[in-house]
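Take a look at the structure below.
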Amino acid sequence: MAMVGLFWIAEGDVYVGAKPSGLAPGVRLSPEGVTALGDKQSAFWLWDDIHELTVENVPVKSLKLHLGTMVDMALTLGLGGEDEAPTMTVRMRTEAADEEADADAEVELTAYTAAASGYSQTECDLSRALLSRMTEGAATLHTTLAAMAGWGRRHEGGSPRAAQREELLRGWLEA
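Note that this note's numbering has the sequence shown beginning at 895, numbered continuously upward.
What follows is the structure, encoded as structure tokens:
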């Protein structure tokens, strides 16, 4: 399992944010479509129905965020609370469920972040571009997800260093 940009890649599975467990919210990307996982957001959308896919509320690395994370953790643990990862919003614009409606439907999903101290701005930008690219058509989507899943199946160990993560994201954008 490894984090690359806003994605968590576990063997051949690709998630936006952290891979969820139990009832925790998450978003899985597959060649067939987007699956919302977890309590109160279990659903599936075909790629043909998705016109736009982006991620908002992404914690971007900064000194302020890093210090805030450390203070929050110290206060949470010191007060006996539970440490919970921050979340991101995965936003999709899909075909309206009602065929007679002209407007597209907008869907908001929740996913936990995989980076405790935030993501670099470069990784965030490259990841958003990659998500946008996935909605361009079936050939682009399948090539991109196949490259990501293939890397995940071959990769052993933890997440690569920042420079390698950025290189992987750039490569997947060009796939």
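We put the CB at the ideal spot given by N, CA and C, even for glycine.
Tell me which same chain residues have a C-beta within less than 6 Å of the C-beta of TYR1006, skipping the five on either side of it? Residue 1006 sits at position 112 when you count from the first residue of the sequence shown. Same-chain partners within the cutoff: GLY911, ALA912, ALA979 and THR981.
Is it right to say SER1021 is buried, meaning 16 or more other beta carbons lie within 10 angstroms of its own, or is it exposed? Your numbering for residue 1021 matches position 127 in the sequence shown. With 16 or more other Cβ atoms within 10 Å, it is buried.
Ignore the nearest five residues each way along the sequence and tell me which others in TRP902's own chain have a CB closer than 6 Å to its CB. As a first step, residue 902 is located in the sequence shown; it is residue number 8 there, counting from the start. Taken in chain order, the residues that qualify are TYR909, ALA912, LYS913 and ALA1008.
In three-state terms, what does DSSP make of ALA912? For the purposes of this step, residue 912 is identified with residue 18 of the sequence shown, where counting begins at 1. Here ALA912 sits in coil by DSSP.
Please name the residue in GLY906, VAL928 and GLN935 whose C-alpha comes closest to that of ALA918. For the purposes of this step, residue 918 is identified with residue 24 of the sequence shown, where counting begins at 1. The residue with the shortest Cα to Cα distance from ALA918 is GLN935.
Alpha carbons only, please: which of ARG987, ALA937, TYR1013 and THR988 is nearest the one belonging to MET897? Numbered from its first residue, the sequence shown carries residue 897 at position 3. It is TYR1013.
For VAL954, would you say it is in contact with chain D, using Cβ-to-Cβ distances shorter than 7 Å as the test? The chain inventory of the structure shown lacks chain D, comprising one protein chain alone.
Buried versus exposed call for GLY899 [16 or more other C-beta atoms within 10 Å across all chains shown]: Counting from 1 along the sequence shown, the entry for residue 899 is found at position 5. It is buried - the Cβ of GLY899 has at least 16 other Cβ atoms within 10 Å.
Distance between beta carbons of THR1004 and THR983, contact taken as under 8 Å: Stepping through the sequence shown from its first residue, residue 983 is reached at position 89. Stepping through the sequence shown from its first residue, residue 1004 is reached at position 110. Correct: roughly 7 Å between the Cβ atoms.
Those runs of the alpha helix (DSSP H) which lie wholly inside the region 990-1060 and span at least 4 residues: 1015-1028 and 1032-1048
By the three-class DSSP mapping on this structure, what secondary structure does LEU931 have? In the sequence shown, residue 931 corresponds to position 37, counting from 1. Correct three-state label for LEU931: strand.
Among GLU1017, GLY1046 and ASP943, which has the Cα closest to the Cα of GLU1061? Along the sequence shown, one-based indexing puts residue 1061 at 167. Measuring from the Cα of GLU1061, the nearest candidate turns out to be GLU1017.
Cβ neighbours of LEU961 in the same chain (closer than 6 Å, five flanking residues each side left out): Along the sequence shown, read from residue 1 onward, the residue named residue 961 stands at position 67. Unreliable positioning characterises LEU961 in this predicted model, as indicated by a pLDDT of 47, which lies under 50. A coordinate reading is not provided.
Closest by C-alpha distance to THR1037, when choosing among SER924, LEU947, ARG987 and ARG1059: For the purposes of this step, residue 1037 is identified with residue 143 of the sequence shown, where counting begins at 1. Out of SER924, LEU947, ARG987 and ARG1059, SER924 has the C-alpha closest to the C-alpha of THR1037.
First and last residue of the uninterrupted beta strand (DSSP E) at LEU940: On the sequence shown, position 46 is the one that residue 940 refers to. Run containing LEU940: 937-940, per the beta strand (DSSP E) assignment.
State yes or no: is the C-beta of ARG1047 within less than 7 Å of the C-beta of GLY906? Here the question's residue 1047 lines up with position 153 in the sequence shown. Here the question's residue 906 lines up with position 12 in the sequence shown. Going by C-beta atoms, ARG1047 is nearer than 7 Å to GLY906.
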